[in-house]
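Enquirer:
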Amino acid sequence: MAEMTTGGDITPNMTIYINNLNEKIKLEELKKSLHAVFSQFGKILEVLAFKTLKHKGQAWVVFEDVSSATNALRKMQGFPFYDKPMRIQYAKTKSDIIAKADGTYVPRERRKRHEEKGRKRKEQHDAAQAGMMNPAYAGAYGATPLSQIPFLGGAKSAVPEAPAPPNNILFVQNLPHQTSQMMLQMLFCQYQGFKEVRMVEAKPGIAFVEYENEMQSTVAMQGLQGFKMSPENPMLITYAKK
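Residue numbers (numbering that gives the first Met the number 0): 0 to 241.
1. Which residues in the same chain have their Cβ closer than 8 Å to the Cβ of L26, if we skip the five residues on either side of it in sequence?
2. Under 6 Å Cβ to Cβ from T14, same chain only, skipping five residues before and after it: list those, please.
3. For K194 and M220, what's the separation of their Cα atoms in angstroms?
4. Rounded to the nearest angstrom, what separates G41 and I24 at their Cα positions?
5. Got a sec? Which residues, its chain only, sit under 6 Å from N21 by beta carbon, not counting five neighbours each side?
6. CA-CA distance, V199 and V218?
7. On the criterion of 16 or more Cβ atoms from any shown chain inside 10 Å, does T178 qualify as buried, or is it exposed?
8. Quick one: what does DSSP say E213 is sitting in, helix, strand or coil?
9. Given N232, which residues of its chain have a CB within under 7 Å of its CB, disregarding the five upstream and five downstream residues?
10. With C-beta atoms as the reference, is A206 less than 9 Å away from Q189?
11. Are the beta-carbon atoms belonging to A163 and K55 less than 9 Å from one another?
12. So what does DSSP say about E45, is it helix, strand or coil?
13. Whole angstroms are fine: how far does the CA of S216 sit from the CA of L223?
14. Quick check: E213 and N166, are their CB atoms within less than 9 Å of each other?
15. Based on the DSSP output, what are the partners of E195 in its beta bridges?
16. Can you tell me which of the three DSSP states F226 falls into?
17. Give the secondary structure of Y140 by DSSP, where H, G and I count as helix, E and B as strand, and everything else as coil.
18. Are Q57 and N18 closer than 9 Å when you measure CB to CB?
19. Just the Cα atoms here: how many angstroms apart are A71 and K31?
20. Taking its Cβ as the centre, do 16 or more other Cβ atoms sit within 10 Å of A68, making it buried, or is it exposed?
21. Quickly, what does DSSP pair V60 with across the bridge? List them, please.
22. How far does the alpha helix (DSSP H) with T242 in it extend, from its first residue to its last?
23. Return the Cβ separation of A35 and M234 in integer angstroms, given the expectation that the two are a contact with Cβ distance under 8 Å.
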């Protein structure tokens with residue numbers, strides 16, 4: 000991927016270029032956070048960021064279609080990402096994944112190791128997902144959760160429990176294994192009244208999000224219900240039990 004300039008005459012395309020990113024954030028954390036924030040605008044094919052000094056503070060997000068990229072550029076321009084406003088424009092060069100799709104790809108030897116690592120990470124991720132899915136949600140989206148209590152011990156009843164009444168704390172399920180507290184904070188802090196995110200180390204895939212009152216938590220729930228942190232993980236949000 001060639002280095003970008005700040006010219007405004009770039010043809011709209013499926014890849015957006017982002018700079019002014021916080022250089023202190025670890026590479027993998029940065030890529031996961033970018034995916035989490037931008038996946039609301041459409042299917043993401045790839046997120047690119049590099050360790051080299053030349054590319055620090057920069058990233059590329061490749062969408063499946065131009066409309067998703069355009070929407071993301073307009074809505075997220077200046078968004079405070081890790082305390083720095085993002086600067087976004089269309090990429091000047093085509094990403095490899097798009098070039099492969101339209102037949103213009105020229106293989107680059109140095110990318111082979113990167114692709115192999117990505118394939119292994121995906122295999123590990125899929126294996127982790129298979130073992131962490133809450134059986135209450137093995138069926139169609141919208142099923143009633145068996146339990147909202149994040150304890151590992153004891154057998155769970157097969158009878159669905161009654162949902163908790165509306166309150167200021169949300170219980171979030173079906174999160175990808177690699178979801179971080181910072182990723183969730185950036186999503187939920189968009190809604191008024193946000194206070195904090197709490198995760199349970201012993202139980203990956205769930206989190207609690209607290210707001211000042213139940214009206215604010217309800218708005219956040221409605222806004223993010225079904226939000227895909229990854230293609231296979233629509234968020235499942237209910238009120239937490241107190």
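Cβ atoms here follow ideal geometry from the backbone N, Cα and C, with glycine treated the same way.
Expert: On the basis of the data shown:
1. Here residue 26 refers to the residue found at position 27 of the sequence shown. The residues are A48, F49, K50.
2. Taking the first residue of the sequence shown as position 1, residue 14 is located at position 15. Taken in chain order, the residues that qualify are W59, V61, A90, S94.
3. As a first step, residue 194 must be located in the sequence shown, where it is residue number 195. As a first step, residue 220 must be located in the sequence shown, where it is residue number 221. About 14 Å.
4. Here residue 41 is taken as the residue at index 42 of the sequence shown, counted from 1. Here residue 24 is taken as the residue at index 25 of the sequence shown, counted from 1. Answer to the nearest angstrom: the Cα atoms are 24 Å apart.
5. Your numbering for residue 21 matches position 22 in the sequence shown. Cβ neighbours of N21 beyond the five flanking positions: Y81, K83.
6. The count along the sequence shown starts at 1 and reaches residue 199 at position 200. The count along the sequence shown starts at 1 and reaches residue 218 at position 219. Between V199 and V218, the C-alpha separation is close to 24 Å.
7. Residue mapping note: residue 178 aligns to position 179 of the sequence shown, counting from 1. Label assigned to T178: buried.
8. Against the sequence shown, residue 213 aligns to sequence position 214. Helix.
9. Indexing the sequence shown from 1 puts residue 232 at position 233. Cβ within range, chain order: N173, L174, P175.
10. To locate residue 206, count along the sequence shown from 1; it is residue 207. To locate residue 189, count along the sequence shown from 1; it is residue 190. Contact flag unset, no.
11. Here the question's residue 163 lines up with position 164 in the sequence shown. Here the question's residue 55 lines up with position 56 in the sequence shown. It is not a contact, given that the beta carbons lie outside the stated cut-off.
12. Working through the sequence shown from its first residue, we reach residue 45 at position 46. Three-state DSSP puts E45 in a strand.
13. Translated into the one-based positions of the sequence shown, residue 223 becomes position 224. Translated into the one-based positions of the sequence shown, residue 216 becomes position 217. Between L223 and S216, the C-alpha separation is close to 11 Å.
14. Sequence index remark: in the sequence shown, residue 213 carries index 214 (1-based). Sequence index remark: in the sequence shown, residue 166 carries index 167 (1-based). Their beta carbons are under 9 Å apart, which means E213 touches N166 by this criterion.
15. Your numbering for residue 195 matches position 196 in the sequence shown. Looking at the DSSP assignment, E195 forms a beta bridge with E209.
16. As a first step, residue 226 is located in the sequence shown; it is residue number 227 there, counting from the start. Coil at F226, not helix or strand.
17. Here residue 140 refers to the residue found at position 141 of the sequence shown. The predicted model places Y140 with a pLDDT of 41, which falls under 50 and marks its position as unreliable, so this point remains unresolved.
18. Translated into the one-based positions of the sequence shown, residue 57 becomes position 58. Translated into the one-based positions of the sequence shown, residue 18 becomes position 19. Yes, these two residues count as a Cβ contact at 9 Å.
19. For the purposes of this step, residue 71 is taken as the residue at position 72 of the sequence shown. For the purposes of this step, residue 31 is taken as the residue at position 32 of the sequence shown. Those two C-alpha atoms are separated by around 16 Å.
20. The residue labelled residue 68 in the question sits at position 69 within the sequence shown. Flag for A68 reads buried.
21. Residue 60 sits at position 61 when you count from the first residue of the sequence shown. Per DSSP, I15, V46.
22. A question about residue 242 goes unanswered here, because the residues of the chain that appear run from 0 up to 241.
23. In the sequence shown, counting from the first residue as 1, residue 35 sits at position 36. In the sequence shown, counting from the first residue as 1, residue 234 sits at position 235. Going by Cβ atoms, the distance from A35 to M234 rounds to 10 Å, so no, they are not a contact pair.
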